[in-house]
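Notes to accompany the following structure.
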Amino acid sequence: DGGITQSPKYLFRKEGQNVTLSCEQNLNHDAMYWYRQDPGQGLRLIYYSQIVNDFQKGDIAEGYSVSREKKESFPLTVTSAQKNPTAFYLCASSIRQGSNYGYTFGSGTRLTVV
Amino acid sequence: AQTVTQSQPEMSVQEAETVTLSCTYDTSENNYYLFWYKQPPSRQMILVIRQEAYKQQNATENRFSVNFQKAAKSFSLKISDSQLGDTAMYFCAFMNLRGNAGNMLTFGGGTRLMVKP
Chain Z
531 DGGITQSPKY LFRKEGQNVT LSCEQNLNHD AMYWYRQDPG QGLRLIYYSQ IVNDFQKGDI
591 AEGYSVSREK KESFPLTVTS AQKNPTAFYL CASSIRQGSN YGYTFGSGTR LTVV
Chain U
176 AQTVTQSQPE MSVQEAETVT LSCTYDTSEN NYYLFWYKQP PSRQMILVIR QEAYKQQNAT
236 ENRFSVNFQK AAKSFSLKIS DSQLGDTAMY FCAFMNLRGN AGNMLTFGGG TRLMVKP
C-alpha cells in the first residue's frame, strides 16, 4: 500500500541536542511538507519542497532544517536553536504543489524535550 | 496572506443528529481550493471533502456536505446522521492557486467535535 511513513512515533530530546525526524513516501509525489501542531491548535508550515534538491522556508522555519536528496525522503532536523521544540510534527505530500487532491499525511512524530 | 478562521473551538452532537461546523477565510484571490480534514484521536489527518472555488455546486461525500458561499468567504461542513466515529478535530484548510509560492495549505485552528451516544 502506498503512503507516508514517519518515524519514530515518539522522540525525546535533551536540551542542546539536534534530532532528526524521518519522513518517507512511496506515492511518487513530487511535493513534500512539514507541519508543526501544538496542543489544541492548527497546523503551521515549517518547510516545503516542490522537487528533489529544492526546498523553501515556511512560516516557522527558524530552528529547523531539511534536505531533499531523494524524491521519497524529506527528513526534518530540529536544531538546538529551536527554543520550544516540544510539539507534534506532521509530514505530508502531494502529487504536485497546488494539487486539488490536497495532501496525504503521515501519522506524525511526537517530540518532547526532557 | 490568507487566513482561515474556525470560530467554534468545541462542539457536541447527539448520535444520529446533524451538526454544522463553521469556517471563514480571507483572500483577495479568485482561484483556490478549500478542504476539510478530520483528525481523530489517532492523530492521523484524513481528507473529508474538498471544493474548487470555480464550482458553484456544493461538494458532497456520503454523510458529509459543504455549504460554500464564495461571496461571503464561508465554507461550512455539515455532518448528517452523526456517528461515534465522527468524534475528532476538524480542520478547515485553504489553498491559493496564484503563482508558485502560494500553493500551500493554510489551516484554521480546528473545531473539536464530540459525538455523544
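As they're listed, the protein sequences go chains Z and U. Taking the working numbering, I'd label the letters of the first sequence as residues 531 to 644. Taking the working numbering, I'd label the letters of the second sequence as residues 176 to 292. C-beta atoms are modelled at their ideal positions from N, C-alpha and C, and glycine is treated no differently.
Chain Z within 9 Å of residue 231 of chain U, Cβ atoms only: Residue-level contact by beta carbon fails for residue 231 of chain U and chain Z, as no gap is shorter than 9 Å.
The segment 255 to 263 of chain U in contact with the segment 184 to 195 of chain U per 3-pair CB rule at 8 Å: Verdict: yes, contact present.
Supposed close pair residue 641 of chain Z, residue 541 of chain Z - CB separation, criterion 8 Å: Yes, residue 641 of chain Z and residue 541 of chain Z are in contact; Cβ-Cβ is about 5 Å, under 8 Å.
Contact the segment 624 to 632 of chain Z vs the segment 555 to 575 of chain Z: 3+ CB pairs below 8 Å: With three or more CB-CB distances shorter than 8 Å, the segment 624 to 632 of chain Z counts as touching the segment 555 to 575 of chain Z.
Identity of the residues DSSP links to residue 552 of chain Z by a beta bridge: Residue pairing from DSSP places residue 552 of chain Z in a beta bridge opposite Z/537.
Collapsed DSSP secondary structure at residue 272 of chain U in the structure displayed: Coil, per DSSP.
Closer than 8 Å at the beta carbon, the chain Z residues around residue 283 of chain U: By Cβ distance, chain Z contributes 572.
Contact the segment 207 to 223 of chain U vs the segment 260 to 267 of chain U: 3+ CB pairs below 8 Å: In the pairwise beta carbon analysis, the segment 207 to 223 of chain U is classified as touching the segment 260 to 267 of chain U: at least three pairs are separated by under 8 Å.
Per-residue contacts from residue 638 of chain Z into chain C (C-beta, under 8 Å): Among the chains of the structure shown, chain C does not appear; the protein chains present are Z and U.
Residues that DSSP places opposite residue 193 of chain U in a beta bridge: Bridge partners of residue 193 of chain U: none, in fact.
Minimum Cβ-Cβ distance from residue 627 of chain Z to chain U less than 9 Å: So, interface residue.
Any 3 or more C-beta pairs closer than 8 Å across the segment 545 to 553 of chain Z and the segment 590 to 607 of chain Z: Taking a contact to require three or more Cβ pairs closer than 8 Å, the segment 545 to 553 of chain Z and the segment 590 to 607 of chain Z qualify as touching.
Of the residues U/222, U/231, U/236, U/251, the one placed nearest residue 200 of chain U, counting alpha carbons only: Scanning U/222, U/231, U/236, U/251 for the CA closest to the CA of residue 200 of chain U turns up U/251.
Complete beta strand (DSSP E) runs within the segment 196 to 244 of chain U (minimum length 3 residues, chain order): If we require 3 residues or more, the beta strand (DSSP E) runs fully inside the segment 196 to 244 of chain U come out as 199 to 201, 207 to 214, 221 to 227, 239 to 244.
is_contact[residue 270 of chain U, chain Z] using C-beta, thresh 9 Å: Interface criterion met: the Cβ of residue 270 of chain U is under 9 Å from a Cβ in chain Z.
Residue interval of the beta strand (DSSP E) (run including residue 577 of chain Z): Per DSSP, residue 577 of chain Z belongs to the beta strand (DSSP E) from 573 to 581.
Residue 584 of chain Z - DSSP class collapsed to helix/strand/coil: Assigned with DSSP and collapsed to three states, residue 584 of chain Z falls in strand.
Cβ-based burial, residue 228 of chain U [other Cβ within 10 Å; buried from 16]: When all chains shown are included, residue 228 of chain U counts as buried.
Inter-stretch contact (C-beta, 8 Å, three-pair minimum) for the segment 566 to 577 of chain Z and the segment 277 to 284 of chain U: These segments touch.
Given residue 203 of chain U as reference, the closest of U/222, U/218, U/178 once Cα atoms are compared: Nearest of U/222, U/218, U/178 to residue 203 of chain U, Cα basis: U/178.
Listed by chain order, chain Z residues near residue 208 of chain U by CB distance under 7 Å: Within 7 Å Cβ-Cβ: 630.
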